[in-house]
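First residue of the sequence shown? That's 373 in the numbering used here, and the numbers climb one at a time after it. We treat Cβ as the ideally placed atom computed from N, Cα and C, and that holds for glycine.
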Amino acid sequence: MQRTLAIIKPDAVGRRLVGSIVRRIEAEEFRIAAMRLVRLTRREAAAFYDVHRDKPFFDSLTEFMSSGPAVVLALEASDAIARWRRVMGATNPGAAERGTLRHEFGTSIEHNATHGSDAPDTAAVELAFFFRGVEFARPDGRASGAA
Numbered sequence: 373m374q375r376t377l378a379i380i381k382p383d384a385v386g387r388r389l390v391g392s393i394v395r396r397i398e399a400e401e402f403r404i405a406a407m408r409l410v411r412l413t414r415r416e417a418a419a420f421y422d423v424h425r426d427k428p429f430f431d432s433l434t435e436f437m438s439s440g441p442a443v444v445l446a447l448e449a450s451d452a453i454a455r456w457r458r459v460m461g462a463t464n465p466g467a468a469e470r471g472t473l474r475h476e477f478g479t480s481i482e483h484n485a486t487h488g489s490d491a492p493d494t495a496a497v498e499l500a501f502f503f504r505g506v507e508f509a510r511p512d513g514r515a516s517g518a519a
């Protein structure tokens, strides 16, 4: 079992797509171990996306990610990272395959509805960013360890 971070970005939350995306997550047989509604400050968004600090899109990305509420989820499944990335589709919704979340709900490279960790080490850091100290739920209702 692997854990990954998923974010339903402010564009999707603002367009009332949370339910549709969560239904898709469940249909794809991910287990939601934790979920929170967050409103990032510009500073928090900059800290989360620090890896992109030197890229030309950094300022607009952090402004966008702090523009409204987002939903963060800890997803569990076998090969969760790669599976979630397939479900999301390509970063550019115009290049994303039909049936992917970004193809269906994204409107631009930045406003592409979802985020997902790209590797196990990244997932660990990203999960700790949003869920530090949180005991993840197990199917039997007991805690499965903190981020």
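DSSP state of residue i mapped onto helix, strand, coil
{"i": "E469", "result": "coil"}
{"i": "V423", "result": "helix"}
{"i": "L409", "result": "strand"}
{"i": "R455", "result": "helix"}
{"i": "R395", "result": "helix"}
{"i": "R387", "result": "coil"}
Cα-Cα separation, residue i to residue j
{"i": "H475", "j": "F430", "result": "23 angstroms"}
{"i": "G478", "j": "A378", "result": "15 angstroms"}
{"i": "A449", "j": "I397", "result": "11 angstroms"}
{"i": "L433", "j": "E482", "result": "7 angstroms"}
{"i": "G391", "j": "A384", "result": "10 angstroms"}
{"i": "E435", "j": "N464", "result": "19 angstroms"}
{"i": "G440", "j": "M373", "result": "32 angstroms"}
First through last residue of the alpha helix (DSSP H) which encompasses residue i
{"i": "A500", "result": "P492 to F503"}
Limits of the unbroken beta strand (DSSP E) element including residue i
{"i": "E435", "result": "Segment F430 to M437 is the alpha helix (DSSP H) holding E435; no beta strand (DSSP E) there."}
{"i": "V444", "result": "A442 to A449"}
Sheet register partners of residue i (DSSP bridge)
{"i": "A378", "result": "L445 and G488"}
Just checking, does the segment 439-455 make contact with the segment 487-495 on the three C-beta pairs under 8 angstroms criterion?
-> yes
Quick check: the segment 397-408 against the segment 434-447, are there 3 or more CB pairs under 8 angstroms?
-> yes
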